[in-house]
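Okay, so here's the structure we're looking at.
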Amino acid sequence: MNLKVLYFSPVGTTKKVAEMIATGLEAESVDWIDLTVPSNRIGGLSFSANDVVLMAFPVYAGRVVRVPRYYFKQIEGNGARSITVVTYGNRAYDDALLELSRLSAKSGFEQVAAATFVCEHSFDIGLAAGRPDVSDCDIAVSFGKTIKQRLLDGKVGSKVEGIIDTIPGQFPFRTQFRHDFGGPLVPETSVACINCSKCTKKCPVEAIPLDNPMATDSKKCITCYRCIRHCPVQARKVNLPDFIDHAEWLADNYKTRKEPELYL
Ligand SMILES: Cc1cc2nc3c(=O)[nH]c(=O)nc-3n(C[C@H](O)[C@H](O)[C@H](O)COP(=O)(O)O)c2cc1C
Ligand code: SF4
Ligand code: SF4
Numbered sequence: 003m004n005l006k007v008l009y010f011s012p013v014g015t016t017k018k019v020a021e022m023i024a025t026g027l028e029a030e031s032v033d034w035i036d037l038t039v040p041s042n043r044i045g046g047l048s049f050s051a052n053d054v055v056l057m058a059f060p061v062y063a064g065r066v067v068r069v070p071r072y073y074f075k076q077i078e079g080n081g082a083r084s085i086t087v088v089t090y091g092n093r094a095y096d097d098a099l100l101e102l103s104r105l106s107a108k109s110g111f112e113q114v115a116a117a118t119f120v121c122e123h124s125f126d127i128g129l130a131a132g133r134p135d136v137s138d139c140d141i142a143v144s145f146g147k148t149i150k151q152r153l154l155d156g157k158v159g160s161k162v163e164g165i166i167d168t169i170p171g172q173f174p175f176r177t178q179f180r181h182d183f184g185g186p187l188v189p190e191t192s193v194a195c196i197n198c199s200k201c202t203k204k205c206p207v208e209a210i211p212l213d214n215p216m217a218t219d220s221k222k223c224i225t226c227y228r229c230i231r232h233c234p235v236q237a238r239k240v241n242l243p244d245f246i247d248h249a250e251w252l253a254d255n256y257k258t259r260k261e262p263e264l265y266l
């Protein structure tokens with residue numbers, strides 16, 4: 003099996019889930035394509051019918067995060083088999099798995115499986131803390147093993163249309179999960195900043211100028227929390243009061259543990 007792992011993972015939890023599924027798939031060769039890195043999104047990607055492509059992206063506001071979603075215009079599946087996976091922070095994945103599965107089909111992939119996994123919420127509010135945990139990782143590895151066996155048995159091709167039909171979600175996709183926080187939802191930089199430029203180098207959308215980490219381009223920023231997590235002196239923070247209230251509301255109202263869901 004030629005496995006290609008196409009992922010976007012600002013905070014790293016989606017990558018961890020993808021690693022576990024890839025472990026279970028036991029491919030002879032694995033290419034990791036990290037779409038979090040802007041230079042990896044220059045130019046298109048073309049796959050072949052011999053490839054198995056694991057796609058793993060986080061849910062933002064009930065949809066597939068927009069950076070890899072937009073990048074799909076440059077992807078040609080050419081009959082490669084796809085496994086679509088979305089990760090989310092224990093609120094809900096809403097339309098995201100359906101959206102990813104539709105993108106996969108539209109780009110010429112033959113979908114063989116899909117899944118959702120709960121991961122620690124990027125907002126760092128204690129929601130789904132520590133996930134994916136041991137149980138999630140075990141499920142991810144065994145999901146990969148099951149797919150591998152089905153591919154070997156030649157059992158997956160006939161189920162392609164069946165999988166997408168069983169995935170919850172609404173099309174046309176809903177937009178009501180987006181919130182108005184009364185201002186651009188971007189991190190601010192405090193005077194603690196030591197100008198190390200880590201945030202600039204890590205930003206997936208090049209929203210932080212190298213010569214001025216105090217400034218963040220609100221048109222580019224996707225509020226992914228990557229810069230906040232990598233700042234060595236905790237100088238970056240989203241300070242909007244409405245957003246802080248929303249984050250607290252999430253933490254209070256979505257404590258009940260959700261489990262991975264597998265579509266095979
Ligand atoms: C801007 C933003 C919006 C999010 N929206 C949702 C959501 O609608 N539902 C949910 O359960 N989690 C949501 N999350 C949480 C992420 O989907 C989750 O933490 C994911 O695991 C992050 O992946 P990463 O660690 O690879 O960056 C959101 C996170 C961010 C940053
Ligand atoms: S500036 Fe915005 S998009 Fe860039 S890393 Fe920070 S939160 Fe993410
Ligand atoms: S990572 Fe933190 S300390 Fe370094 S430049 Fe960015 S804000 Fe400043």
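Going letter by letter, the sequence shown gives residues 3 to 266 in the numbering used here.
The beta carbon of each residue, even a glycine, is placed where N, CA and C say it ideally should be.
(request) Could you work out which residue in TYR90, ALA51, PHE59 is closest to PHE111 when comparing CA atoms only? (result) The shortest C-alpha separation from PHE111 is found at ALA51.
(request) Spell out a yes or no on whether the region 59-78 and the region 170-185 are touching, meaning 3 or more CB-CB pairs, one atom from each, closer than 8 Å. (result) Contact between the region 59-78 and the region 170-185 is present, because at least three Cβ pairs lie under 8 Å.
(request) For GLY146, collect the residues of the same chain with a Cβ closer than 8 Å to its Cβ; drop the 5 residues on either side in sequence, then sort them by chain order. (result) Within the same chain, GLY146 has close Cβ partners MET22, ILE23, ALA24, THR25, GLY26, LEU27, GLU28.
(request) Return helix, strand or coil for THR89, following the three-state DSSP convention. (result) DSSP places THR89 in strand when its eight states are reduced to three.
(message) For VAL55, list the residues DSSP reports as bridge partners.
(response) Per DSSP, LYS6, SER84.
(message) Can you tell me where the alpha helix (DSSP H) holding THR202 begins and where it ends?
(response) First-last of the alpha helix (DSSP H) with THR202: 200-204.
(request) Answer yes or no: the CB of THR191 versus the heavy atoms of ligand 3, is any distance below 8 Å? (result) Remark: the shortest separation between the CB of THR191 and any heavy atom of ligand 3 falls under 8 Å.
(message) Would you call the region 12-21 in contact with the region 123-141, where contact means no fewer than 3 C-beta pairs closer than 8 Å?
(response) Touching, yes.
(request) Assess, as a yes-or-no matter, whether the region 190-208 is touched by the region 26-45 under the definition of 3 or more beta carbon pairs within less than 8 Å. (result) Contact between the region 26-45 and the region 190-208 is present, because at least three Cβ pairs lie under 8 Å.
(request) Buried or exposed for TYR265, please, with buried defined as at least 16 other CB atoms from any protein chain shown within 10 angstroms of its CB. (result) Per the 10 Å Cβ criterion, buried.
(message) Please report the distance separating the alpha-carbon of LYS161 from that of LYS221.
(response) With a pLDDT of only 48 at LYS161, under 50, the local geometry of the prediction cannot be trusted, and no value is derived from it.
(request) Starting from VAL193, trace the alpha helix (DSSP H) both ways and give me its first and last residue. (result) Where VAL193 is concerned, there is no enclosing alpha helix (DSSP H), given that its DSSP letter is neither H nor E.
(request) Please confirm whether any heavy atom of ligand 3 lies closer than 8 Å to the CB of VAL235. (result) Checking every heavy atom of ligand 3 against the Cβ of VAL235, one is found closer than 8 Å.
(message) Quick check: the Cα distance between ARG83 and ASP140, rounded to an integer number of angstroms?
(response) Approximately 23 Å, taken between the alpha carbons.
(request) Return helix, strand or coil for LYS1, following the three-state DSSP convention. (result) Within the shown structure, residues of the chain are numbered from 3 to 266, placing residue 1 beyond reach of any answer.
(request) Give a yes or no on contact between the region 166-177 and the region 100-119, applying the rule of three or more CB pairs nearer than 8 Å. (result) Contact holds: three or more Cβ-Cβ distances are below 8 Å.
(message) Counting C-beta neighbours from all protein chains within 10 Å, is the total for SER11 16 or more, i.e. buried, or is it exposed?
(response) With 16 or more Cβ atoms within 10 Å of its Cβ, SER11 is classed as buried.
(request) Can you give me the start and stop residues for the beta strand (DSSP E) that GLY35 sits inside? (result) Here residue 35 is Ile; the residue named in the question, Gly, does not match the sequence. Note, ILE35: beta strand (DSSP E), 31-36.
(request) Give the single residue among LEU129, GLY45, LYS239 whose Cα lies nearest to the Cα of PRO189. (result) Answer by Cα proximity: LYS239.
(request) Using only alpha-carbon positions, find the residue among LEU252, SER199, PHE245, ASP247 that is nearest to ARG2. (result) The structure shown does not extend to residue 2, since the chain spans only 3 to 266, so no value can be given for it.
(request) Compute the minimum distance between the beta carbon of ARG152 and the heavy atoms of ligand 3, and state whether it is under 8 Å. (result) Checking every heavy atom of ligand 3 against the Cβ of ARG152, none is found closer than 8 Å.
(message) Does PHE49 come out as helix, strand or coil in the three-state DSSP assignment?
(response) Correct three-state label for PHE49: coil.
(message) Between the alpha carbons of ALA117 and ASP254, how many angstroms are there, rounded?
(response) Looking at the two C-alpha atoms, the distance is approximately 26 Å.
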